[in-house]
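First up is the structure itself, then whatever we jot down about it.
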Amino acid sequence: MSRAPRDAATVPTTDAEPPLVLYDADCGFCTRCAAWVERAPFAVRLTSLHETDLPALGIDPDRAYQEMPVLCADGSVRWGHHAWAKILSTGPLPTRILGRVLDSRVMERPAHTVYRLIAQNRHRMPGSDGTCAVSRPVGQE
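Going by my numbering, the sequence shown opens with residue 1, and the numbers climb by one from there.
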């Protein structure tokens with residue numbers, strides 16, 4: 001797994017390409033999570049929101065700074081906890097199972113709630129310097 005080149009996120013993905021994870025490089029917590037994803041055995045590409053032409057990929061920039069997007073090979077975008085489920089689904093069997101559970105209907109409300117709480121408090125998470133606070137609650141627009 002390698003980081004996508006600076007301009008790789010400006011072209012659509014193909015079926016052969018792994019999902020593209022977009023993260024806020026100005027957020028210490030987000031950067032630490034991206035580093036963990038890069039070290040773990042997940043078949044994804046990583047790039048910063050700042051290095052990507054988000055509208056060209058069909059990604060709402062405002063929403064992308066509120067909750068993490070993952071661009072899938074089919075062009076669909078997964079957000080928040082669904083994005084994490086997609087990441088987990090590209091790993092070994094235990095994480096694929098966890099990804100399926102996280103993406104299940106029964107987990108929708110609790111997973112969304114936990115993701116929203118973490119996103120709203122990411123400036124308080126390990127690795128953060130206070131500059132990465134979400135300006136408005138995730139899911140409340």
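Built from N, CA and C at the ideal position, the CB exists for glycine as well.
Going by DSSP, tyrosine 23 is part of the beta strand (DSSP E) stretching over 20-23. In this structure, DSSP gives leucine 54 a state outside helix and strand, which the three-state scheme calls coil.
DSSP, read as helix, strand or coil, puts valine 101 in helix.
When C-alpha distances from histidine 82 are compared across Thr52, Glu38, Tyr115 and Asn121, the shortest belongs to Tyr115. Separation of threonine 52 and leucine 117 (C-alpha to C-alpha, rounded to the nearest whole angstrom) is 26 Å. A contact between stretches requires three or more CB pairs, one per stretch, nearer than 8 Å, and the region 50-65 fails this requirement with the region 107-114. Serine 104 and aspartate 26 have their C-alpha atoms roughly 31 Å apart. Arginine 39 counts as exposed, since fewer than 16 other C-beta atoms from the protein chains shown sit within 10 angstroms of its C-beta.
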